[in-house]
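Right, one structure below, let's go through it.
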Amino acid sequence: MSSLKEIQQNTVRRKQVYKPILDNPFTDEAHMWPYVRDQPLVAELVRSHVIEPLAHAHSMKLQSTLNAHYGFNSVVQYLESPPTPEPVFLFVCNRDSVPGVLLSQIPILVQVSSCDVTLIPMPRGTCASLDTCTSTDHDGLLLVVQDGQFDPQIAVQLSAHVDHVTTKPWLQFSKSRIAALSSTAAISSNPKLKSK
Amino acid sequence: MADFNKFGRHLMAGKSKKAAKVDEHGTLIVAPPKTASNKEHLQRLNYLFHLSTFHTIANDQDENNALARMYAKNLDLIQKKTKSSLTPGLKRRLCKTCQRTLIPNKTMSPRVINESKRKKPVNRVLVLDCVCGRSKRFPIGKNPSYKAHAEKGSNLTFFQK
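Protein chains in written order, with our numbering: chain C, 14 to 209; chain W, 3 to 163.
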């Protein structure tokens, strides 16, 4: 009579294997995405002073009071343009289901851009509220220019609650991000299977 | 006596061996290794990638990114010679044709296109155009939450620094 554990051992067909792999040193979360202190307050400020006015203007089919850009192409075009005197805020829904390959372009684009950009990662669920602001694809990205129509008090509050990331991470050497990648391999010479 | 020896040996074997864990798919679970076997090669590749990125971003005088491309070419050759693995996140930063490090606004222009007639969101593609003319295409519309095997957090175990 064989135990349950023994039956389980006999049914083993694959085993876990590990392979060393090198990760991109500049995709480190600490390097690229800034840390937001008091995330609920920042989310509430953005919702009440940025998203709601934009959503109201969109629903009433009015010209928006804020200078806002939605979507990946529009944001990239703005950041690649010649430097403007006005600072900008870039709100990114990096916790929602936005493609990772698209999001990975944003932090390095912000670092390289000649504009004064404050990158603000938003909490989960913000992507759904951005849907109310525009009918086009927004990719979880909203860029707002801090011109005369943007409340300066809100701008100060937002900047104060966002820690700046490592500026120009390529200027300082960081240690290798070496990891073990797990996968499975077939067990070819299993004596227990052979004896059956 | 022979039976006793057999029994004794069995007991000893039972004491020294731990019961192996098997998951629901019939896969034998093995603990991850504590060190990487080819750590030196990977560190060398990491240094070359740093150099290539630095020269691409900081050196504006070099129009053809000759030095940065040379470092990236070395990275590619060493990686192949030593059979080392790189994550998709790192490989996406290198152009396979001209060996440039792909930095937006410097050597690459990213854009999202939709070439379908009805402009369905399912057909959206992220295109990274290198200055050499080669482009990398990532279909992002079909499954926005797609992650490669190596990008899933549970499959990667980072060695302690």
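C-beta: ideal position from N, C-alpha, C; glycine also.
Residue j beta carbon less than 9 Å from that of residue i
i        : j        : result
Pro106/W : Ser110/C : no
Val157/C : Val101/C : yes
Leu103/C : Val130/C : yes
Thr139/C : Gly161/C : no
Pro123/W : Asp36/C  : no
Arg94/W  : Ser117/C : yes
Phe39/C  : Ile121/C : yes
His151/W : Leu194/C : yes
Ser172/C : His71/C  : no
Ile142/W : Leu75/C  : no
Val129/W : Arg139/W : yes
Leu184/C : Ala60/W  : yes
Residue i versus residue j - alpha carbon distance
i        : j        : result
Phe56/W  : Glu26/W  : 47 Å
Arg126/W : Gly84/C  : 12 Å
Ala81/C  : Ser187/C : 36 Å
Glu19/C  : Phe160/W : 33 Å
Asn116/W : Pro182/C : 33 Å
Ser156/W : Pro165/C : 43 Å
Ser118/W : Ala22/W  : 52 Å
Ala199/C : Ala192/C : 22 Å
Thr145/C : His52/W  : 42 Å
Thr180/C : Met45/C  : 9 Å
Leu30/W  : Tyr148/W : 27 Å
Asp78/W  : Val175/C : 38 Å
Met135/C : Asn107/C : 7 Å
Ala15/W  : Lys144/W : In this predicted model, Ala15/W has a pLDDT of only 45, less than 50, meaning its place in the structure is not dependable enough to derive any value.
Asn67/W  : Thr58/W  : 6 Å
Ser16/C  : Glu153/W : 38 Å
Gly217/C : Pro47/C  : In the structure displayed, chain C extends from 14 to 209; residue 217/C sits before or after that span and is not available.
Phe9/W   : Lys32/C  : Because the pLDDT of Phe9/W is 42, which lies under 50, any placement of that residue in the model is unreliable, and the number read from its coordinates should be weighed accordingly. Those two C-alpha atoms are separated by around 39 Å.
Asp51/C  : Asn40/W  : 42 Å
Arg137/C : Ile119/C : 18 Å
Ala68/C  : Val114/W : 24 Å
Val25/C  : Ser111/W : 49 Å
Gln63/W  : Asn76/W  : 22 Å
Arg190/C : Ile34/C  : 8 Å
Val87/C  : Phe163/C : In the sequence under discussion, the amino acid at residue 87/C is Ser, which differs from the Val named in the question. Computed Cα separation, rounded: 19 Å.
Leu92/W  : Val24/W  : 33 Å
Lys83/W  : Val105/C : 40 Å
Leu96/W  : Glu42/W  : 21 Å
Gln170/C : Leu155/C : 18 Å
Gly28/W  : Ser201/C : 14 Å
Met73/C  : Glu65/W  : 49 Å
Other residues of its chain near residue i: CB distance less than 7 Å, five sequence neighbours each side excluded
i        : result
Gln81/W  : Leu47 and Leu88
Val89/C  : Leu122
Ser142/C : Arg60 and Ile64
His12/W  : Because the pLDDT at His12/W is just 46, under 50, the model does not fix this residue reliably, and the value given afterwards should be weighed accordingly. Excluding sequence neighbours, His12/W sits near nothing in its chain.
Cys128/C : Leu92, Pro96, Thr97 and Val101
Leu158/W : Ala152
Thr109/W : Thr58, Asn67, Arg102, Thr103, Cys132 and Val133
Phe6/W   : Note that Phe6/W scores 42 on pLDDT, short of 50, meaning its location in the model is unreliable and no value can be drawn from it.
Same chain, Cβ closer than 8 Å to residue i, neighbours up to 5 away in sequence not counted
i        : result
Thr197/C : Arg27, Lys28, Gln29 and Val30
Lys36/W  : Phe161
Ala38/W  : Leu44 and Phe161
Pro66/C  : Ser77, Thr78 and Leu79
Val49/C  : Val55, Ile133, Pro134, His174, Val175 and Asp176
Distance cut-off 8 Å: residue i Cβ against heavy atoms of the ligand GDP
i        : result
Phe160/W : The ligand GDP is not part of the structure shown, which contains no ligands of any sort.
Own chain residues within Cβ distance below 6 Å of residue i, not counting five before or after
i        : result
Gln159/C : Glu99, Pro100 and Ala168
Ser54/W  : Ala70, Tyr73, Ala74 and Thr103
Discussion item. Could you check whether the stretch 87-106 of chain W touches the stretch 126-141 of chain W, counting it as contact only if at least three pairs of C-beta atoms, one from each stretch, sit closer than 8 Å?
Written reply: When Cβ pairs closer than 8 Å are counted between the two stretches, the stretch 87-106 of chain W is seen to touch the stretch 126-141 of chain W, the count reaching three or more.
Worksheet item: Within the chosen definition, does the stretch 36-48 of chain W reach the stretch 82-91 of chain W through at least 3 CB pairs nearer than 8 Å?
Response: Result yes; three or more Cβ-Cβ pairs closer than 8 Å.
Worksheet item: Residues in the stretch 91-112 of chain W with C-beta within 8 Å of chain C's C-beta atoms, listed in sequence order?
Response: Under the 8 Å Cβ criterion, the stretch 91-112 of chain W contributes Gly91, Leu92, Arg94, Arg95, Ile105, Pro106, Asn107, Lys108, Ser111 and Pro112.
Worksheet item: Are the stretch 87-100 of chain C and the stretch 44-59 of chain C touching by the rule of at least three beta carbon pairs closer than 8 Å?
Response: The stretch 87-100 of chain C makes no contact with the stretch 44-59 of chain C; the number of CB pairs closer than 8 Å stays below 3.
Worksheet item: For the stretch 112-127 of chain W, which residues have a beta carbon sitting closer than 8 Å to at least one beta carbon of chain C?
Response: The stretch 112-127 of chain W vs chain C, Cβ under 8 Å: Pro112, Arg113, Val114, Pro123 and Arg126.
Worksheet entry | Interfacial residues, the stretch 109-124 of chain C to chain W, with Cβ spacing under 8 Å | Going along the stretch 109-124 of chain C in chain order, one finds Ser110, Val111, Pro112, Gly113, Val114, Leu115, Ser117, Gln118, Ile121 and Leu122 with a Cβ nearer than 8 Å to chain W.
Item to complete: Can you give me, in chain order, the residues of the stretch 189-200 of chain C that have a beta carbon less than 8 Å from any beta carbon in chain W?
Response: Result list: Ser189, Arg190, Ile191, Ala192, Ala193, Leu194, Ser195, Ser196, Thr197 and Ile200.
Fill in: Interface positions of the stretch 84-97 of chain C facing chain W (Cβ-Cβ less than 8 Å), listed along the chain
Of all residues in the stretch 84-97 of chain C, only Gly84, Phe85, Asn86, Val89, Leu92 and Glu93 come within less than 8 Å of chain W when Cβ atoms are compared, listed by chain position.
Worksheet entry | Members of the stretch 26-47 of chain C near chain W, C-beta cut-off 9 Å | Residues Arg26, Arg27, Lys28, Gln29, Val30, Tyr31, Lys32, Pro33, Ile34, Leu35, Asp36, Asn37, Pro38, Phe39 and Thr40.
Worksheet item: For the stretch 152-176 of chain C, which residues have a beta carbon sitting closer than 8 Å to at least one beta carbon of chain W?
Response: Of all residues in the stretch 152-176 of chain C, only Asp152 place a beta-carbon less than 8 Å from a beta-carbon of chain W.
Practice prompt. Give, in chain order, every residue of the stretch 76-87 of chain W whose Cβ lies closer than 7 Å to some Cβ of chain C.
Written response: Those residues of the stretch 76-87 of chain W that come within reach of chain C (Cβ to Cβ, closer than 7 Å) are Ser86 and Ser87.
Worksheet entry | Contacting positions in the stretch 36-48 of chain W - beta carbon closer than 8 Å to chain C | For the stretch 36-48 of chain W, the residues whose beta carbon sits under 8 Å from a beta carbon of chain C are, in order, Ala38, Ser39, Asn40, Lys41, Leu44, Gln45, Leu47 and Asn48.
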